[in-house]
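**Q** Numbers in my numbering are just positions in the sequence shown, counted from 1, shifted up by 9.
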Amino acid sequence: MDSNRILTHAAQAIASCNNAITALAFAIIAFILYYTYEFRKNSDLHKIPGPYLFALTKWRLALEDWRGTRTMCLRNLHEQYGPAVRVGPTEVSFASQDALRTIYGAGSGFERTSFYRMFDVYGRQNLFTFGPARQHAERKKALAHAYSKTTVLHPEATATPLIQKNVRSYLALIESQRNDDNDKTRGHEIFHSLHWFSLDSITGFLYGDRFGGTHALQQSHHSCDQDRRLLDDILDPARRRLSWFAVHLPKYTRWLYTRTGLLEKVVQILRLLPMDKPSTYTAIRAHALKSWYSFEESLTTDSTEIQPISERDLSTSQSIMGRLYQHNLSSQIKTGSLRTSSCLMDGLDMASELADHLLAGIDTTSDAIMFAIWALSRPEQAHYQARLLDEVAAMSDANGEIDQHGNPTADASDKLPFLAAVIKETLRLYAPLPATEPRMRTSSKGALIDGWRIPAETVVGMDPYTMHRNPEIFREPLVFRPDRWLAGQGSETDDEHATMRRWFWAFSSGGRMCIGMHLAMAEMTMLLAAIYRKYTTRLHFKQQNASPGITSRFEVFCDETMPNITEHECWVHFDPIENVNKAA
């Protein structure tokens, strides 16, 4: 008897009941029989270990999402059951190198699930939300060169001068607050200011100053306050509840947010919205669309914008928007078609792509820099800050490592070994995107993962949080120890170093590896090198027994060894190095 017949017979039995109690009893029995059948019908998944309730219904894991404990729960389940755990009727979580290669390796056949469709923008898919590898690869061709390390670090390209300017603005912001603040015990709140830094960096990189670049760091700029307000809905804790509804009740959520007129008022009065309007990213997406329309309008008024541009210009001076437009224009000329594949885009396709990069480039980079500063500022880790201070102090103007403003250059910052170790350890312990990356193979053959037969259309996934805390790979996994990444300086052997590098997964891997990795690394290395060349940092008293907390999907992530959390806050003192030296 299959599941449909179970439901049919149950419905007939319930309809024939004479009282509510008997009907309820039949309904409960039908529920048990149906889910027991669904649980057991696939013998391959039935063999995979895991809690019965998780395997019985997807709502058990959804409950962990609601509680904001999903990722910690998965880690605990892997500790209990091993590297493969069944966490839903058709979902399995993995935590092994074999699974990492099989699921996320290039050409694996595993594609992104419908989960990612909640990141569509303006009703259009983009690089992040494409499921099929072919569509993703076609779109990536238009963007990969602009995000390459060579292009990002080129001194005449868009990224390096832009980040240098924003580094100067960030240092000026620190200094102005120090000079203007009568209360010297107040400290500097870096969660927000680092978001302004990443916002100005990603908007300038994507749109250029003319069409959508922001100036949140520049207090004297007329748009400073307006640009800072773009982040308001990102910082609202209700965004986690909205994410839960968008993932687990997508149709209902779309219905709620598309109501208009009287029905919209009823929805608001009854407080049915998971997050009050404007919901998460509303302001950012509006800014992104306005930026695109401004660029599009200029194409009809500024003839220079629509002329084909040289390869040199493409590699050194154009915003991502300009590059994307020119690539699309060249593709149209070659094919004679406006939009026949995912590599040919209309205006909303390009606007969606750019908006997605904007959303991805704010929280991730700023959160990582914040955790690096917080970790280095903790008293028990003062020796790591001292090592970094010595490393950046040794940089020489004579060797071309310092720019005309006295800050480390992009190329020199990228080559600092201890700074690289600090960033890598920060990303290991405080990955900005620590949760599961779900995948699915639609091929009827299914797959063999880590020795387990996985049927087609089974959701499989891994998460950096669990990977980076495996005590068999990372000694003292909850301890911030940058020298673990430096050969010959930690207690790890060469073989252990090689294994750790394979398990490091902060930027994902394979064809879906983070396209903005090199831009993010440039922002982190340049800003941290500049800060610790001019300042030492120490925790404000508010932060001495508390970890900063960041939002990712449904959860708040922090340093789990700390007793308290300051959500969306991190307070630090910046002390000029010359003052510290005088005191010493």
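We put the CB at the ideal spot given by N, CA and C, even for glycine.
Computed from a predicted structure; not experimentally measured.
Can you give, in chain order, each stretch of the beta strand (DSSP E) that sits fully within the stretch 66-117 and has at least 3 residues?
**A** Restricting attention to beta strand (DSSP E) runs no shorter than 3 residues, the stretch 66-117 encloses them at 93-97 and 100-103, ordered along the chain.
**Q** Hey, S185 and F206: beta-carbon distance below 9 Å or not?
**A** The sequence position of residue 185 within the sequence shown is 176, counting from 1. The sequence position of residue 206 within the sequence shown is 197, counting from 1. In this structure, F206 does not lie closer than 9 Å to S185 by Cβ.
**Q** Tell me the rounded alpha-carbon separation between R448 and Q390.
**A** Reading the sequence shown from its first residue, position 439 is the one you call residue 448. Reading the sequence shown from its first residue, position 381 is the one you call residue 390. About 38 Å.
**Q** Let me know if S361 comes out buried or exposed under the rule of 16 or more other beta-carbons within 10 Å of its beta-carbon.
**A** To locate residue 361, count along the sequence shown from 1; it is residue 352. That one is buried.
**Q** Tell me whether the beta-carbon of F220 lies closer than 9 Å to the beta-carbon of W301.
**A** In the sequence shown, counting from the first residue as 1, residue 220 sits at position 211. In the sequence shown, counting from the first residue as 1, residue 301 sits at position 292. Yes, they are a contact pair.
**Q** What's the C-alpha gap between W494 and Y266?
**A** Locating residue 494 in the sequence shown gives position 485, where the first residue counts as 1. Locating residue 266 in the sequence shown gives position 257, where the first residue counts as 1. Cα-Cα distance, rounded: 47 Å.
**Q** If you draw a straight line from the C-alpha of A529 to the C-alpha of Q173, how long is it?
**A** Within the sequence shown, the letter at position 520 stands for residue 529. Within the sequence shown, the letter at position 164 stands for residue 173. Whole-angstrom Cα-Cα distance: 13 Å.
**Q** Might you give, ordered along the chain, the residues of its own chain that have their beta carbon closer than 7 Å to the beta carbon of L537, omitting 5 neighbours on each side?
**A** Here residue 537 refers to the residue found at position 528 of the sequence shown. Same-chain partners within the cutoff: I378, A381 and L428.
**Q** Following the continuous alpha helix (DSSP H) through F119, name the residue where it begins and the one where it ends.
**A** As a working mapping, residue 119 is identified with position 110 in the sequence shown. Per DSSP, F119 belongs to no alpha helix (DSSP H) and is neither H nor E.
**Q** L83 and T475 look like a contact to me (Cβ under 8 Å); what is the Cβ gap, rounded to whole Å?
**A** Translated into positions along the sequence shown, residue 83 becomes position 74. Translated into positions along the sequence shown, residue 475 becomes position 466. Going by Cβ atoms, the distance from L83 to T475 rounds to 6 Å, so yes, they are a contact pair.
**Q** Below 8 Å on the Cβ atoms is my guess for L240 versus H296; work out the distance and round it to an integer in Å.
**A** Position 231 of the sequence shown holds residue 240. Position 287 of the sequence shown holds residue 296. Not quite, the Cβ-Cβ distance comes to about 11 Å (not below 8 Å), so this is no contact.
**Q** Just to confirm my understanding: we take T325, look at its own chain, exclude 5 residues before and 5 after, and list those with CB closer than 7 Å. What are they?
**A** Position 316 of the sequence shown holds residue 325. Bear in mind that the predicted position of T325 carries a pLDDT of just 33, short of 50, making it unreliable; the figure below should be weighed with that in mind. Same-chain partners within the cutoff: H163, E165 and A166.
**Q** Below 8 Å, how does it come out for the stretch 53-64 and the stretch 454-472: are there three or more Cβ pairs, yes or no?
**A** yes
**Q** Please classify S312 as buried or exposed, where buried requires at least 16 other C-beta atoms within 10 Å of its C-beta.
**A** Along the sequence shown, read from residue 1 onward, the residue named residue 312 stands at position 303. Bear in mind that a pLDDT of 49 at S312, under 50, signals an unreliable position, so the number given afterwards is only what the model happens to contain. Burial call: exposed.
**Q** Closest Cβ-Cβ distance between R177 and chain C: below 9 Å?
**A** This model lacks chain C altogether, as it is built from one protein chain only.
**Q** Shortest alpha-carbon distance to T545 belongs to which of H197, A115, L65 and W253?
**A** Start at 1 with the first residue of the sequence shown, and residue 545 comes out as number 536. Nearest of H197, A115, L65 and W253 to T545, Cα basis: H197.
**Q** What separation, rounded to the nearest whole angstrom, lies between the Cα atoms of P141 and L258?
**A** The residue you call residue 141 lines up with position 132 of the sequence shown. The residue you call residue 258 lines up with position 249 of the sequence shown. Each residue's Cα considered, the two are about 24 Å apart.
**Q** Report yes or no: do three or more beta-carbon pairs, one from the stretch 247-254 and one from the stretch 277-297, lie closer than 8 Å?
**A** yes
**Q** In this structure, how does DSSP classify I318 when only helix, strand and coil are distinguished?
**A** The residue you call residue 318 lines up with position 309 of the sequence shown. Because the pLDDT at I318 is just 38, under 50, the model does not fix this residue reliably, and the value given afterwards should be weighed accordingly. Per DSSP, reduced to three states, the secondary structure at I318 is coil, with no helix or strand assignment.
**Q** Find out if the Cβ-Cβ distance for the pair L425, F489 is shorter than 9 Å.
**A** Your numbering for residue 425 matches position 416 in the sequence shown. Your numbering for residue 489 matches position 480 in the sequence shown. At least 9 Å separates the beta-carbon of L425 from that of F489.
**Q** Can at least three beta-carbon pairs, one atom from the stretch 121-138 and one from the stretch 357-377, be found at a separation below 8 Å?
**A** With the rule of 3 Cβ pairs closer than 8 Å, the stretch 121-138 counts as touching the stretch 357-377.
**Q** What three-state label does DSSP hand D459 in the structure shown?
**A** Your numbering for residue 459 matches position 450 in the sequence shown. Note: D459 maps to coil in three-state DSSP.
**Q** Are the CB atoms of M522 and A108 within a distance shorter than 9 Å?
**A** As a working mapping, residue 108 is identified with position 99 in the sequence shown. As a working mapping, residue 522 is identified with position 513 in the sequence shown. No, the Cβ-Cβ distance between A108 and M522 is not below 9 Å.
**Q** In the structure shown, what three-state DSSP assignment does L357 receive?
**A** One-based indexing of the sequence shown puts residue 357 at position 348. Reduced to three states, the DSSP call for L357 is helix.
**Q** Which runs of the beta strand (DSSP E) fall wholly inside the stretch 361-434 and span at least 3 residues, in chain order?
**A** none
**Q** Count the other C-beta atoms from every protein chain shown that fall within 10 angstroms of the C-beta of N175, then say buried if there are 16 or more, exposed otherwise.
**A** Indexing the sequence shown from 1 puts residue 175 at position 166. When all chains shown are included, N175 counts as buried.
**Q** Run through DSSP, which three-state label would N188 get?
**A** Within the sequence shown, the letter at position 179 stands for residue 188. Helix at N188.
**Q** Using the C-alpha atoms, what's the distance from D372 back to D355?
**A** Here residue 355 refers to the residue found at position 346 of the sequence shown. Here residue 372 refers to the residue found at position 363 of the sequence shown. The straight-line gap from Cα to Cα measures roughly 28 Å.
**Q** In angstroms with no decimal places, state the Cα-to-Cα distance between E314 and H477.
**A** For this step, residue 314 is matched to residue 305 along the sequence shown. For this step, residue 477 is matched to residue 468 along the sequence shown. No answer about E314 holds up, because its pLDDT of 42 lies below 50 and its placement is not dependable.
**Q** Using CA coordinates, which residue listed in G116, T80, M535 and S517 is at the minimum distance from A677?
**A** With the chain covering only 10 through 593, there is no way to say anything about residue 677.
**Q** Have a look at the DSSP bridge pairing and note the partners of A555.
**A** Stepping through the sequence shown from its first residue, residue 555 is reached at position 546. Under the DSSP definition of a beta bridge, A555 partners with N573.
**Q** Out of A255, Y113 and R542, which one is the CA nearest neighbour of F128?
**A** Taking the first residue of the sequence shown as 1, we reach residue 128 at position 119. When only C-alpha atoms are compared, the closest one is A255.
**Q** Would you check if there are 3 or more beta carbon pairs closer than 8 Å linking the stretch 392-400 to the stretch 501-512?
**A** no
**Q** Along the chain, where does the beta strand (DSSP E) containing W580 start, and where does it finish?
**A** Walking along the sequence shown from the start, residue 580 turns up at place 571. Segment W580 to P585, the beta strand (DSSP E) holding W580.
**Q** If you scan the stretch 437-502 from start to end, which runs of the alpha helix (DSSP H) of 4 or more residues do you find wholly inside it?
**A** 473-476
**Q** Should V469 be labelled buried (16 or more other beta-carbon atoms within 10 Å of its own) or exposed?
**A** Numbered from 1 along the sequence shown, position 460 holds the residue referred to as residue 469. Buried, since its Cβ has 16 or more Cβ neighbours within 10 Å.
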